[in-house]
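In this note's numbering, the protein residues as written are 492 to 1090. Here is the structure we will look at, set down as structure tokens.
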Ligand SMILES: Cc1cc2nc3c(=O)[nH]c(=O)nc-3n(C[C@H](O)[C@H](O)[C@H](O)COP(=O)(O)OP(=O)(O)OC[C@H]3O[C@@H](n4cnc5c(N)ncnc54)[C@H](O)[C@@H]3O)c2cc1C
């Protein structure tokens, strides 16, 4: 970093939230700086449950298979009782369905999940800066100036937005003075990643379940370690060394055939349930544990954090690309109620666990969470069946018109919006827009609904359209006659018609004002005509300047992308357009001056 680096977004924190946000921004070519005060990546297994909805997010981000391969499925819970061990299924598993392809929670140590996210980030040309601590920031109407302590001294970085993904003790939240009300839950626990002799890897072993002397060992698939967990009293000193934990384990279980050989990471922590009063102050946002913290029961913390970041990523990118700032208000409106519900669930499961109930059902999968009451959900009063605006968009197998099988999730994958027309006339489709993929499903379309699965999953009739957001939630379900409302909606979320965004060189010559446009149709003669001509020219100049500003930002981003990925065609086209735009602006300004002189 140079002393006055500029970027679009500073992400403070490289946990699951910060990395997910970084990935989402990277694939959208948004410039960002990802920092962490820690000298190296986090090494603990703590958030080890990846819920089905997060697996869908990871599929979209292009990392799901690597994450699945890094861990495994939850084993049975083996409960040691006075009458011997009893195996019990802890996590209720349903078979995957075409609509919900991920049903089984994964067990992946958090440090492996984060490693996979960093690897994907590297593929997109980015790396976190470790040993970089955010030590202060100020914001104004245009951006945020952050002070970052680095191994080379303190540096100032200017960005349009700052994101506090800096965990439960968030420096960003505290600096903003945002309240973090809630409660400590009166539970202190040990969690440690240990190498052990004497325990099999086919089960999550639990001793002393109905006593204060509980202790468990869960195999950490993808590694040779186990995660040791145990509630502990508040008022004791703990020895978290291998010898100390072996003695602790023997005291609780009476087993002297189990030996902890070494400890990779260990922590003693108090459980809290807290929710930030606000997720945003001006140009600074909170995400992940910085905004909410949960007890680990039900494995919700990491998952909620990943999905916060996934919700924020596309909105930030859209606003940086010219969408109205108000789009960012929906982040807190959508995500804070979710965190509130998840907090309630984690606390309920913690209470159940205290009463020996360790069973988990669909409620932890996060597949049923949605944004029905969001301002971004465009409801149609006539709709009373099937998916609604705000629901998670189901997957479904389909067949491309070319004959190859594919899935709706494959059509959704990427940073774009998707508009699906079901049994519609192709001619009724809206005009194409950058950032919107339009597919028509049916015998007359580019996609065939093999087995009517889409129709069933979405509850669609003929002549209906579904608009799906970049984060896989339904934005609207409308009839063909209501498509103008969808087009108006798209304008408000930054998916603008081609002419308003990035005209090609040819189109630019018709879109940009030229010497043969309106002025040349007649020289203004009267005072009124002069005034009208001047007002029109002023408006065109302001529009052109705005577009040129946006374009120059896009070109800067493209240049960075070209350096990384070599997308030469796109940059050449945009550079050509930029040149043309500059010429047009100069010509327009010259005309404007001439008009003023004429007067
Ligand atoms: C002991 C324990 C057990 C858990 N078990 C589970 C579980 O079983 N299932 C589950 O889903 N969740 C679990 N969680 C929660 C889960 O780990 C968190 O929800 C998840 O890590 C949140 O991710 P995050 O990115 O928001 O924050 P974090 O992972 O906490 O990352 C925050 C990052 O910000 C960095 N940072 C902080 N301040 C600054 C600063 N000023 N400048 C730069 N960097 C900074 C930190 O170094 C850190 O790397 C557990 C948590 C703990 C503590």
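Quick reminder that beta carbons are idealized off the backbone N, C-alpha and C, glycines included.
Residue span of the beta strand (DSSP E) that contains residue i, given as start and end
i            : result
residue 705  : It is not in any beta strand (DSSP E) - residue 705 carries neither H nor E in the DSSP assignment.
residue 649  : 644–655
residue 721  : 717–723
residue 970  : 965–970
residue 910  : 908–913
residue 1091 : Examination of residue 1091 is not possible in this model, given that the chain is present from 492 through 1090 alone.
Residue i to residue j span [Cα, whole Å]
i            : j           : result
residue 779  : residue 579 : 32 Å
residue 510  : residue 549 : 12 Å
residue 994  : residue 924 : Residue placement at residue 994 is flagged as unreliable, the pLDDT there being 43, under the threshold of 50; the coordinate-derived value follows with that caveat. Those two C-alpha atoms are separated by around 11 Å.
residue 501  : residue 865 : 27 Å
residue 634  : residue 531 : 29 Å
residue 820  : residue 567 : 43 Å
residue 928  : residue 987 : 13 Å
residue 896  : residue 591 : 17 Å
residue 626  : residue 564 : 40 Å
residue 901  : residue 887 : 10 Å
residue 917  : residue 596 : 40 Å
residue 1009 : residue 641 : Since pLDDT at residue 1009 reaches only 39, below the 50 mark, its modelled position is unreliable, and no value is offered.
residue 497  : residue 631 : 15 Å
residue 1002 : residue 976 : With a pLDDT of 31 at residue 1002, under the threshold of 50, the modelled position of that residue is not reliable, and the figure given next carries that caveat. C-alpha separation (whole angstroms): 25 Å.
residue 594  : residue 855 : 11 Å
residue 806  : residue 515 : 10 Å
residue 920  : residue 814 : 23 Å
residue 941  : residue 930 : 15 Å
residue 891  : residue 763 : 49 Å
residue 582  : residue 857 : 14 Å
residue 658  : residue 508 : 9 Å
residue 506  : residue 933 : 43 Å
residue 974  : residue 862 : 21 Å
residue 629  : residue 513 : 22 Å
residue 946  : residue 560 : 33 Å
residue 569  : residue 694 : 6 Å
residue 871  : residue 881 : 12 Å
residue 791  : residue 542 : 8 Å
residue 499  : residue 673 : 33 Å
residue 677  : residue 757 : 20 Å
residue 702  : residue 801 : 40 Å
residue 576  : residue 949 : 45 Å
residue 533  : residue 909 : 36 Å
Where the alpha helix (DSSP H) through residue i begins and ends
i            : result
residue 979  : 974–983
residue 686  : Counting along the chain, residue 686 falls outside any alpha helix (DSSP H), though it belongs to the beta strand (DSSP E) covering 673–688.
residue 763  : Counting along the chain, residue 763 falls outside any alpha helix (DSSP H), though it belongs to the beta strand (DSSP E) covering 750–766.
residue 955  : Careful: residue 955 lies outside any alpha helix (DSSP H), inside the beta strand (DSSP E) at 955–959.
residue 609  : 601–614
residue 1166 : With the chain running from 492 to 1090 in the structure shown, residue 1166 is simply not present.
Beta-carbon proximity of residue i to residue j, cut-off 9 Å
i            : j           : result
residue 781  : residue 661 : yes
residue 944  : residue 914 : no
residue 983  : residue 818 : yes
residue 760  : residue 822 : no
residue 517  : residue 523 : yes
residue 572  : residue 700 : yes
residue 825  : residue 766 : no
residue 526  : residue 639 : yes
residue 784  : residue 656 : no
residue 619  : residue 680 : no
residue 729  : residue 682 : no
residue 1091 : residue 853 : With the chain represented from 492 up to 1090, any question about residue 1091 goes unanswered, as that position is not in the structure.
residue 873  : residue 960 : no
residue 600  : residue 716 : yes
residue 829  : residue 860 : yes
residue 554  : residue 611 : yes
residue 519  : residue 804 : yes
residue 985  : residue 810 : yes
residue 741  : residue 653 : no
residue 990  : residue 980 : no
C-beta neighbour in chain C for residue i, strict 9 Å
i           : result
residue 595 : No chain C appears in this structure, which consists of one protein chain only.
Report task. Check whether the stretch 749–760 touches the stretch 673–686, counting contact only when three or more Cβ pairs, one atom from each stretch, lie closer than 8 Å. Result -> Put simply, the stretch 749–760 touches the stretch 673–686. At least three CB pairs are less than 8 Å apart.
Query raised in the report: Per the contact definition of three or more C-beta pairs closer than 8 Å, is the stretch 536–543 in contact with the stretch 653–667?
Result: Short answer: they don't touch.
Requested in this report: Please specify which runs of the alpha helix (DSSP H), each continuous and at least 4 residues long, are wholly inside the stretch 525–595, giving them in chain order.
Outcome: For the stretch 525–595, the continuous alpha helix (DSSP H) assignments of 4+ residues that do not extend past its boundaries occur at 543–551 and 555–561, in sequence order.
Requested in this report: Count the C-beta pairs between the stretch 740–747 and the stretch 643–654 that are closer than 8 Å, then say yes if the count reaches three, no if not.
Outcome: No, because fewer than three Cβ pairs between the stretch 740–747 and the stretch 643–654 fall closer than 8 Å, the two stretches do not touch.
Requested in this report: Flag this pair as touching only if the stretch 942–961 and the stretch 970–983 have three or more C-beta atom pairs under 8 Å; answer yes or no.
Outcome: Counting Cβ pairs under 8 Å, three or more are found: they touch.
Query raised in the report: Whole beta strand (DSSP E) runs in the stretch 867–899 with 3 or more residues, listed along the chain?
Result: DSSP runs (the beta strand (DSSP E)) wholly in the stretch 867–899: 888–891 and 896–898.
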